[in-house]
Structure formats: C-alpha cells, structure tokens
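Under full-length UniProt numbering, the first residue of the sequence shown carries the number 1, and numbering increases by one thereafter. Note that beta-carbon positions come from the ideal geometry of N, C-alpha and C, so glycine has one too.
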Amino acid sequence: MTENNGQRRLRYAIIGAGMSGVMAAIKLLQRGDADFQVFEKGAELGGTWRDNRYPGLTCDTPSHAYSYSFALNPDWSQYYATGAEIHAYFKGVAERFGVMPYIRFNSEVTSCTFDDAKKTWTLGIVDGSAYEADVVIVATGVLHHPKMPDLPGLETFKGKAFHSARWDDSAVLDGARVGVIGCGSTGIQIVNALSTRASKLVHFQRSPQWIMPVVQFEYTPEQRAAFAADPSLIEAIRNDPQYWEAVYRFTEGVTDFTSPQIKEIEELCRQNLEQNVRDPELREKLRPDYHAACKRLIYSWEYYDCVQRPGVSVEVGQIDRVVPEGVLMKDGTLHELDVLVLATGFRADSFIRPAVVTGREGRSLDEFWATRPTAHYAIAMPDFPNFFMLNGPGAPVGNFPLIDIAERQWEYIEQLLEPVRRGEARTVEPLEPAYQAYEARRIAAAKKTIFGSGCTSWYLDKTGIPATWPWGYHDFANAMAKPVAEEFAFAA
Ligand code: NAP
C-alpha cells in the first residue's frame, strides 16, 4: 500500500483472466491504478470462451448485450454470437486496453492467506512463487470444473470420449456415429451442430428440456458499417425496451413459481414443442415433467428441427454402462458409436477452489462454505477482509446478462473500497450479523423461486436449495448501486 495524491494506492490481485477478471483489470487501469497482477491458470485468457470450443457454441445473450459497456463492438456478425467470435472479442479488448502485460499466464493460484498483522493477502502460485496484495478480486467463474458422469465402463470405450469443455480436436465427426450425453444448453447446441455432420447422432437425455424459441439472424455489412459510424445505434439495441422487458419479466417471474410470467414462459415452450415436433412419439420423449425455467431455460431457434433430421435420434432410457462399442441401455439396446461427447455440466459449487483460502484468524473458506458457498450480496464474506468475488456464489448467473452483473458488482466493490483508499480504514468486510440476516432472507426467497420447484439442476446446492440470486433484476441493480455501509466493518 503506497501513498498516491493523498489516496492510498492499493495493490490488487485479480484471480482469473476471463470476462470478469479482464473487466476488473481495465477498470483499475482506467482509474490510473496499475499496481496489480492478474493470475490466470491457463495459457490464454477468455475463461469459459477459451475452455469451451465445441461445435455450435453460441451465447444465448444477444451479442450487443454480451459486450462490455465501455467496449461496444460494431462487428458482431449475428444476433447471437459464436463462442469463437466472443473469445476473439475478449482477447481484442484486453489488448486494446493494455491488460496483457498484467496477466501472468500458467499461474494457478493455489492459496490465499490473510495476514492479520499486516492486513495483506499472500497468494501462493503454482510455480512456488508468492504475491502480496491488499485486495483480492476473485474472478474465477462458475462453470469451469467439468463434471464427469459416473458411467460404468467409460474407460473401456474404443472410440473417443471427452467432456464438452475439453473438446478433442482429433475426433472425426463428419460421417461418424456420435452420442451426446446431456441436454443442457451445451448438449443441445452440440446436437444442433452435429445433426448435419454425423452419420448417426444419438442424443441421450436423462431429463428432457423445455426449449424457448428465439430468432437468430446475421448483421449485414451495411448494418455493421452503420454501427461503427454511429455507436448510438448499438446503444439502441442494448437498451431495446423489448429485450429488457423480457429480462425483467423473466427475472421477476422466476422469483415465484406460481407467477403469471412463468405460466407464459411455459406456454411458449409448450407451443414450441407441440407445433414443431411432428412425430407424437418423439414429442412425448422430448416433453419435460417439470416447470419451464426450473432448469436453466434453453434458448434455441433450431433444436427441434435438428433433432428431426435423418440419422438423429433421442434416447430417454436409462444408460446401463458404456461398452467398447458404444452405450448399452438398461433395456438391452446397444448404441454403437465412434465418438461420445459428455455434455454433463460442471461442478458449480467450486468457485475459487481447490485454492486453499484462509481468512482472518485462520478461518478457512472450505469451512465457511461447508453447507453451501455463499457471500454477502454474492460478493464478500465476514472474516475475509478486502476479498471480493465477481459472479460469485448467489450471484444471478445464468439468469441475467452476465457482463452487466460483473460491471455492477465492480461498482459495488469500488464503493466499498473508497474508505480504504482514502486511508480511513485498512480493511472492509461484511459484519457477521448483517451477512447472516442477508443469507436467511436469500434462502427463504430462494425456496420460492422456480429453480426450487421440483427438478435437479446446477442451480441447487447440496441441500437442494437454489444457490442463486432469488430476487428480480431491479433488486439486484438497486443493491449493487450503493452498498449499505452499516452492514460492513471498516477496520483500521
Ligand atoms: P447442465 O445444464 O448442467 O446440463 C448437464 C446435462 O447432463 C443435463 O442434461 C444432465 O441431466 C446431464 N447429465 C449429467 N450427468 C449425467 C449422467 N451421469 N448421465 C446422464 N446424463 C447426465 O450443463 P451444460 O449444458 O454444460 O450447461 C451449463 C450451463 O452453462 C448452462 O445452464 C448455461 O448457464 C451455461 N451455458 C450457456 C450457454 C449459452 O449459450 N449462453 C451455452 C452452454 C452453456 P439431468 O438434467 O438429468 O441432471
């Protein structure tokens, strides 16, 4: 911590160079605060968009909304951008804003330890080095630890089997017999992409999904030139009242599973199924037995078309085991396959872990999170001073536009740190009673959300309670606009 024009200059450690970490680095640089390092475990930046390279990868937030507010992009090629295009965008922005020299690649953080006397954090890096910081920003993402299915015999498979976030480029897909296990957003997009490439494609669905129909389209070169000449056209798309109305209706609808908004969403999904799947037998296979939006809603303009293509089939039976030739079902059916894609999701409760985090007086993060990962307003925790998370536990991830969340969270953190920068305090952390009261309110509200209405999903913690933000978009925006100072301890 050094003096800088009467302000204390804090040293920051940012963990993760994905969307949130890059944003945090840019925000610091824009403020003239260059005393920081970004620690990235991979060899490249981009987080989700680096790890996920599967065919068909597309973001289901419209591209102009899935952009930093300070780095609009006139060149998005379509309404829903591809993963490759988004990855290139983040790399381009990081370069343009001068973030690259601050990133230490291949530098997984293995521990963060708070020093009570010095009021600093020491980060242990995988190469054995250490870094001392006043403030830690955790930007490690939510869905980055692949969840491998516990399928007997998987290791005996003669073909290629791999998780969707560890795509095996050596796998031949064209003309191959491919199985895709899982029908979250990932499995659906992979099936769409492979439906014209594989000679035989089997979509294994333990629980079918509701599909919300959306429209995809390309931006013409003329439109893109117009966006470049006049960024207010991009702002108009970002602020499109219809888009935001849909976000508000959805986010407010999910807070109560009996709400009219949820009924409306379910009806749209049901009509999509009834009207677009011709074969009654297939239609029933694809019909979920839980409320729409209980699992994260799938947005697709093509899934029902793709799954009805020749050579594509849906398997809703129980898998018995994987055998060298393919997947054997409990009813004895053998699906012979060359490639098996495991689109089986992620361990969403890991966050910064397996890094070992030790707060004030030796408090362990693993113990703090023994029941479930939580944080005060999804950002900070008592006994972990100057330690903040972006898109952390209980944030509205998967529900609101993710970049918007991270930018709003950053504004909240900045405000919390103001007294520390002014030298009035050295640390800030939520008070235990304030955090406890918040968490009790959050859990009570979470139980009433659509996510808790009787399905399994990565939204649920191990006790079955939704681990998400349980209120609407406006509540989140209001909460992030100004922290309640009385809920925090500012210590000298
Ligand atoms: P997911 O939503 O967790 O889906 C995992 C799928 O695998 C489920 O269908 C699950 O079935 C199935 N599964 C898991 N273990 C299985 C097993 N042992 N046997 C059979 N089936 C098994 O994972 P995801 O599709 O990777 O998506 C995760 C999240 O990433 C999404 O919800 C979304 O937030 C994000 N995402 C976003 C986009 C985008 O376009 N923005 C694209 C991809 C992903 P059950 O439902 O029965 O458990």
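Nonlocal neighbours in the same chain, by C-beta distance under 6 Å from ALA489, ignoring five residues either side: Position 489 of the sequence shown holds residue 489. So the qualifying residues of the chain are GLU429 and LEU431.
Alpha carbon of GLN216 to alpha carbon of ARG11, nearest angstrom: Indexing the sequence shown from 1 puts residue 216 at position 216. Indexing the sequence shown from 1 puts residue 11 at position 11. If you take the alpha carbons of GLN216 and ARG11, they lie about 44 Å apart.
Per-residue DSSP class, three states only, for MET148: Within the sequence shown, the letter at position 148 stands for residue 148. Of the three classes helix, strand and coil, the one that applies to MET148 here is coil, per DSSP.
Simplified DSSP state of PRO280, which is helix, strand or coil: Indexing the sequence shown from 1 puts residue 280 at position 280. If DSSP states are grouped into helix, strand and coil, PRO280 belongs with the helices.
SER185: first and last residue of the uninterrupted alpha helix (DSSP H) it sits in: In the sequence shown, the residue the question calls residue 185 occupies position 185. Where SER185 is concerned, the enclosing alpha helix (DSSP H) stretches over 185 to 194.
Three-state secondary structure assigned by DSSP to ILE336: Looking up residue 336 in the sequence shown gives position 336. Sequence check: residue 336 is Glu here, not Ile. Here GLU336 sits in strand by DSSP.
Boundaries (first-last residue) of the beta strand (DSSP E) holding ILE211: Residue mapping note: residue 211 aligns to position 211 of the sequence shown, counting from 1. Residues 211 to 213.
Cβ-Cβ distance between ALA116 and ARG287 below 9 Å: The sequence position of residue 116 within the sequence shown is 116, counting from 1. The sequence position of residue 287 within the sequence shown is 287, counting from 1. The residue you asked about is not Ala; residue 116 is Asp in the sequence shown. Contact flag unset, no.
SER164 Cβ short of 8 Å to the ligand NAP heavy atom set: For this step, residue 164 is matched to residue 164 along the sequence shown. Yes - the ligand NAP has a heavy atom lying nearer than 8 Å to the Cβ of SER164.
Segments of 3+ residues assigned as beta strand (DSSP E) that fall wholly inside the stretch 255 to 299: none
Buried versus exposed, by CB contacts within 10 Å (16 or more), PRO195: To locate residue 195, count along the sequence shown from 1; it is residue 195. A small fix is needed here, since residue 195 is Ser in this sequence, not Pro. SER195 should be labelled buried.
CB of ALA139 within 9 Å of CB of ILE237, strictly: On the sequence shown, residue 139 is found 139 positions in, with the first residue counted as 1. On the sequence shown, residue 237 is found 237 positions in, with the first residue counted as 1. Cβ atoms of ALA139 and ILE237: not closer than 9 Å.
Residue interval of the alpha helix (DSSP H) (run including GLN436): Taking the sequence shown and counting its residues from 1, one reaches residue 436 at position 436. That run of the alpha helix (DSSP H) goes 432 to 447.
Assigned secondary structure, SER232 (DSSP; H/G/I helix, E/B strand, else coil): Residue numbering aside, residue 232 sits at position 232 when the sequence shown is read from its first letter. Three-state result, SER232: helix.
Given GLY47 as reference, the closest of ASP174, ASN106 and LEU72 once Cα atoms are compared: Counted from its first residue, the sequence shown places residue 47 at position 47. Measuring from the Cα of GLY47, the nearest candidate turns out to be ASN106.
As assigned by DSSP and simplified to three states, the class of GLY326: What you label residue 326 is simply residue 326 of the sequence shown in a count that begins at 1. Strand, per DSSP.
ALA395 to ILE352 span [Cα, whole Å]: Taking the first residue of the sequence shown as 1, we reach residue 395 at position 395. Taking the first residue of the sequence shown as 1, we reach residue 352 at position 352. Cα-Cα distance, rounded: 14 Å.
PHE162 vs ALA176 beta-carbon contact at 9 Å: Locating residue 162 in the sequence shown gives position 162, counting from the first residue. Locating residue 176 in the sequence shown gives position 176, counting from the first residue. Contact: no.
Residue span of the beta strand (DSSP E) that contains SER111, given as start and end: Reading the sequence shown from its first residue, position 111 is the one you call residue 111. Per DSSP, SER111 belongs to the beta strand (DSSP E) from 109 to 115.
For TRP244, the first and last residue of its enclosing alpha helix (DSSP H): As a position in the sequence shown, residue 244 is number 244, starting the count at 1. Element bounds for TRP244: 241 to 253.
6 Å Cβ shell around TYR383 - same chain, five flanking residues per side excluded: As a first step, residue 383 is located in the sequence shown; it is residue number 383 there, counting from the start. Per the sequence shown, the amino acid found at residue 383 is Asp instead of Tyr. Within the same chain, ASP383 has close Cβ partners GLY359, ARG360 and ARG363.
VAL191 Cβ short of 8 Å to the ligand NAP heavy atom set: Taking the sequence shown and counting its residues from 1, the one referred to as residue 191 is at position 191. No, the Cβ of VAL191 stays beyond 8 Å of every heavy atom of the ligand NAP.
Of the residues GLU267, ARG426 and ALA446, the one placed nearest ALA292, counting alpha carbons only: Here residue 292 corresponds to residue number 292 of the sequence shown, with the count starting at 1. Among GLU267, ARG426 and ALA446, the Cα nearest to that of ALA292 is on GLU267.
N-terminal and C-terminal residue of the beta strand (DSSP E) that MET389 is part of: Against the sequence shown, residue 389 aligns to sequence position 389. Its beta strand (DSSP E) spans residues 387 to 389.
When VAL178, ILE137 and LEU282 are compared against GLU40, the one with the closest alpha-carbon: Taking the first residue of the sequence shown as 1, we reach residue 40 at position 40. Taking only the C-alpha atoms, the option nearest GLU40 is ILE137.
As assigned by DSSP and simplified to three states, the class of SER170: As a first step, residue 170 must be located in the sequence shown, where it is residue number 170. Of the three classes helix, strand and coil, the one that applies to SER170 here is coil, per DSSP.
Those runs of the alpha helix (DSSP H) which lie wholly inside the stretch 61 to 121 and span at least 4 residues: 83 to 96
Three-state class that DSSP yields for VAL22 in the structure shown: Stepping through the sequence shown from its first residue, residue 22 is reached at position 22. VAL22 falls in the helix class under three-state DSSP.
TYR54 vs GLY18 beta-carbon contact at 9 Å: Your numbering for residue 54 matches position 54 in the sequence shown. Your numbering for residue 18 matches position 18 in the sequence shown. Not in contact: TYR54 and GLY18 (Cβ atoms no closer than 9 Å).
PRO152: CB within 8 Å of a non-hydrogen atom of the ligand NAP: Sequence index remark: in the sequence shown, residue 152 carries index 152 (1-based). Result no, Cβ not under 8 Å from the ligand NAP.
Nearest neighbour of ALA437, chosen from SER457, PHE36 and TYR377 [CA to CA]: Indexing the sequence shown from 1 puts residue 437 at position 437. Comparing Cα-Cα distances from ALA437 to each of SER457, PHE36 and TYR377, the minimum goes to TYR377.
Exposure of LYS27, with buried meaning 16 or more beta-carbon neighbours within 10 Å: The sequence position of residue 27 within the sequence shown is 27, counting from 1. LYS27 should be labelled buried.
Secondary structure of ILE181, DSSP reduced to three states: Along the sequence shown, one-based indexing puts residue 181 at 181. Strand, per DSSP.
ALA295 Cβ short of 8 Å to the ligand NAP heavy atom set: On the sequence shown, residue 295 is found 295 positions in, with the first residue counted as 1. First, the amino acid is wrong: residue 295 is Lys here, not Ala. True, at least one ligand heavy atom lies under 8 Å from that Cβ.
Burial state of PHE70, where buried means 16 or more other Cβ atoms lie within 10 Å: Translated into positions along the sequence shown, residue 70 becomes position 70. Classification for PHE70: exposed.
Contacting residues, own chain, Cβ-Cβ under 8 Å from GLU325 (five flanking each side not counted): To locate residue 325, count along the sequence shown from 1; it is residue 325. The answer, listed in chain order, is LYS158, LEU334, GLU336 and LEU337.
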